[in-house]
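Working notes, beginning with the structure itself.
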Amino acid sequence: MESKNVKTEVLAAAICVVFFVATSGTGAASYPEVLVGKELPHTPVATEYAPGEILVKFKPYVNLVAGSMTNYRQGTFVVSTLPSGTQKLKIPPGETVEDMVNTYDKLSNVEYAEPNYVVHAHMVPNDPGYQYQWHFDNDEYGGINMECAWNMSTGTDVVVAVLDTGVAYENYNGYCEAPDLKGTTFVQGYDFINMDAHPNDDHYHGTHVTGTVAQTTNNGTCVAGVAFGCKIMPVKVLNETGSGTHFVVAEGIYYATDNDTDVISMSLAGPDTSTTLKDAVAYAYNNNVTVIACAGNNYESGNLPQYPAAYDDYVIAVGATIYNETRADYSNTGAYLDLMAPGGDQSLDQNGDGQPDGVLQQTFLPGDPCNFDYYLAQGTSMATPHVSGVAALLIANGVTGPDNVREILESTAEDKGTPGWDEEYGWGILDACAALQSLMCHGTCCNYSDCSDTYAQNVTCKECIDAGKYWKPNEDAICFGTETPRELCLNYCPDCCNGTDDNGDGKVDYPSEDSCTCGLDPSEDYPMQPIPELPAIVLLSIGLLALVGYTLRKRTERQ
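Counting from 1 along the sequence shown, just add 16 to a position and that's the residue number in my numbering.
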């Protein structure tokens, strides 16, 4: 019995990753396949702008005639002019945009000249390797719909603690900063393996995982990350072989919680439970930290519950899907499973891009923490940081508390398998766009009275409530993804949602489960929360003004 207890206390927590193994005549390699050279361009993509036209603004002293003469001499003509005076010019046939911009730039009467750059409705990173990140967004299945989500949030200022093998975040004592993490913001972390303040990665797993959360994005360098505006707290709890004890993992959880992290991301798991580990995740949860962990890659070897993911009261457990949005063969199932996210399967190329369907990020060759390249990997380890990143996007947009984060992620997931929750897919596949859109009020204004003073288009519910203002919802309005139309009705009109005509307007106040007008005209506003009462001094002032007005009116009447 004693030996069993000892085993539980020191059980190594394995990382939830399955790297692609490349075979050759000499046997199997121990590291994932590397994409280099022509297979994965490392150079920035070309700038995109409208062909055959440039934008030019003349200096303030240049009148219309002088400007027109300049354009005539250059062979251009004005297509349209902005109120600022900037002209869109059509350039002569055979001339390039670059040459014409240079020509105008050299003229003394020109304030500036530039191409007419192209923008897109959805933010698409200019990182050239993004084309291989099917797991973020793709035309066929959608991935986790990141391009839509990036228009609403990038996770600014949210802290995500990555508890793993460390991160290649600095140049220090033989370790190097990953080139594609140079623009990522880091906050102080800790190394609980070597007990120092430099949690550098000596394995490669933690750097790959961190890239999915917050790889520097839109910098023209290879790949992107989910919440690239967030701050990463590297916490090393796994050693150079990718394992660690429950005690060390618990140390990392307490450290991250006590140092103001918002999200804890753990791509690690083991089949044994312990009070030590459970108490640690409970501590984080009770201190408003959202804890996310991988469900494990053990489906084909017994499918035993994996911890800490299986502490379902405190942790969001993440399983893995492949390109076509079915469960990866290796991904655990069970009663503790909450969400699915892309984990990949490198034995397939379902999207036909010529590369195995793994999750692509930058890391280094094992044993050489300064030799960086871009690696494909698969596993619930790869799925977990997708969820952690989207949690950061939600928190940056005002969602507070792990329960609210969980509710939104689960209620907006793309349902798979049996309708509703099931043991194979949980609540479904992570949908970043739907999660963020759930935060937007469906009404068109947020004001004190009759919508004449528009507060904002698509203002978030939190902004509306914080402003102490009214919210005008549609019948299907949802605030933070938690209130159905019936709940809205019961919360804000509790006395009239009973299927009768209590308000005497000749209508049934709550006719069905599908709609709820509470006997109110849907075009009218009703309060999300009471408007604060006016201070006594204001009321007294209003009374005095009314009395003065009444006295003056009476005097006028007597005259």
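Where is the CB? At the ideal position from N, CA and C, for every residue including glycine.
Please report how far the alpha carbon of residue i lies from the alpha carbon of residue j, in whole angstroms.
i: ASP180; j: MET282; result: 7 Å
i: MET356; j: PRO324; result: 16 Å
i: GLY241; j: ASN167; result: 14 Å
i: ILE424; j: TRP443; result: 11 Å
i: GLU55; j: ASN79; result: Confidence at GLU55 is low in this model, with a pLDDT of 34, below 50, so the placement of that residue is unreliable and no value is reported for it.
i: TYR148; j: ASP369; result: 7 Å
i: THR201; j: PRO195; result: 13 Å
i: GLY335; j: PRO287; result: 15 Å
i: THR261; j: GLN322; result: 14 Å
i: PRO141; j: MET162; result: 10 Å
i: PHE380; j: GLN394; result: 16 Å
i: ASN348; j: TRP437; result: 15 Å
i: ASP329; j: ASN319; result: 20 Å
i: TYR77; j: GLY101; result: 12 Å
i: ASP361; j: ASP207; result: 31 Å
i: ARG422; j: ASN304; result: 12 Å
i: LEU98; j: GLN366; result: 48 Å
i: GLY43; j: GLU426; result: Residue placement at GLY43 cannot be trusted, given a pLDDT of 25 that sits under 50; what the coordinates show is reported in the next sentence. If I take the Cα positions, the gap works out to 43 Å.
i: VAL81; j: GLN103; result: 14 Å
i: TYR88; j: PRO109; result: 14 Å
i: GLY205; j: SER317; result: 35 Å
i: PRO382; j: SER96; result: 58 Å
i: GLU156; j: PRO435; result: 22 Å
Sorted by chain position, which residues of the same chain lie with C-beta nearer than 7 Å to residue i's C-beta, five sequence neighbours on each side aside?
i: ASP618; result: Only positions 17 to 575 of the chain appear in the structure, and residue 618 is not among them; the question remains open.
i: THR428; result: ASP447, ALA450, ALA451, SER454 and GLY497
i: VAL135; result: Any answer about VAL135 is weak, because its pLDDT of 46 lies below 50 and its placement is not dependable; what the coordinates show is given next. Hits under 7 Å: none found.
i: VAL117; result: ILE70, ALA129, GLU130 and PRO131
i: LEU123; result: THR86
i: ALA351; result: GLU439
i: GLU111; result: none
i: ASP121; result: ALA129
i: ALA311; result: GLN322, ALA325, ALA333, VAL334, GLY335, SER347, ASN348, LEU353 and THR396
Have a look at the options and flag the residue whose alpha-carbon is nearest the alpha-carbon of residue i.
i: GLN371; options: GLY145, MET85 and ALA243; result: GLY145
i: SER404; options: THR342, PHE74 and PHE244; result: PHE244
i: ASN313; options: GLU341, VAL305, TYR346 and ALA266; result: TYR346
i: ALA272; options: VAL203, THR379, ALA399 and THR261; result: VAL203
i: ASN154; options: GLU341, THR292 and PRO76; result: GLU341
i: ASP431; options: PHE388, THR337 and GLY359; result: THR337
i: ASP419; options: THR306, CYS310, LEU320 and GLY383; result: THR306
i: ALA300; options: GLY383, GLY190, GLY417 and ASP207; result: GLY417
i: VAL126; options: LEU376, ALA298 and SER84; result: SER84
i: THR172; options: TRP437, ALA344 and THR233; result: THR233
i: VAL229; options: SER397, GLU426, PRO435 and ARG343; result: SER397
i: PRO401; options: HIS221, SER169 and ALA351; result: HIS221
i: TYR315; options: TYR206, ALA344, LYS75 and ASN304; result: ALA344
i: LEU169; options: GLU426, PRO435, VAL406 and ARG422; result: Rather than Leu, the amino acid found at residue 169 in this sequence is Ser. Nearest C-alpha to SER169: VAL406.
i: ASP384; options: GLU156, VAL81, TYR88 and TYR191; result: TYR191
i: ILE445; options: PHE74, GLY158 and SER290; result: GLY158
i: ASP274; options: LEU284, ASN302 and VAL95; result: ASN302
i: GLN90; options: LEU284, PRO382 and ASP115; result: ASP115
If you measure between the beta carbons of residue i and residue j, is that distance less than 7 Å?
i: LYS294; j: TYR327; result: yes
i: ILE70; j: LEU105; result: yes
i: GLY182; j: ASP217; result: yes
i: GLU193; j: HIS219; result: no
i: VAL72; j: ALA165; result: no
i: HIS214; j: TYR185; result: no
i: ALA309; j: ILE269; result: no
i: THR92; j: ILE107; result: yes
i: HIS151; j: VAL415; result: no
i: GLY359; j: ALA298; result: no
Using a Cβ-Cβ cut-off of 6 Å (strictly less than) and excluding sequence neighbours within five positions of residue i, which residues of its own chain qualify?
i: VAL174; result: CYS246, ASP278, ALA408, ILE411 and ALA412
i: ASP354; result: ILE332, ALA333 and GLY442
i: ALA6; result: Only positions 17 to 575 of the chain appear in this structure, which leaves residue 6 out of reach.
i: ILE209; result: LYS252 and ASN255
i: GLY433; result: GLU440 and TYR441
i: ASN235; result: GLY199
i: THR289; result: TYR323
Within the 7 Å Cβ cut-off, does residue i reach chain B?
i: GLN103; result: Of the protein chains in the structure, only one exists, and it is not chain B.
Looking only at its own chain, which residues have a Cβ that is under 8 Å from the Cβ of residue i, when we skip the five neighbours before and after it?
i: PRO67; result: VAL113
i: GLN378; result: ALA194, PRO195, ASP196, LEU197, THR223, HIS224, GLY227, GLN231, CYS238, VAL239, PHE388, ASP389, TYR390 and TYR391
i: LEU364; result: ILE338, TYR339, PRO372 and ASP373
i: THR292; result: GLU25, HIS262, PHE263 and ALA266
The ligand MG and residue i: does any heavy atom of the ligand fall closer than 6 Å to the residue's C-beta?
i: GLU316; result: By its list of ligands, the structure shown contains no ligand whatsoever, and the ligand MG lies outside what it can speak to.
Beta strand (DSSP E) segments (min. 3 residues) lying fully within the stretch 163-246: 175-180
Segments assigned alpha helix (DSSP H), at least 4 residues, entirely inside the stretch 372-442: 396-412 and 418-427
Contained beta strand (DSSP E) runs [length at least 3] in the stretch 281-341, N- to C-terminal order: 306-310 and 331-337
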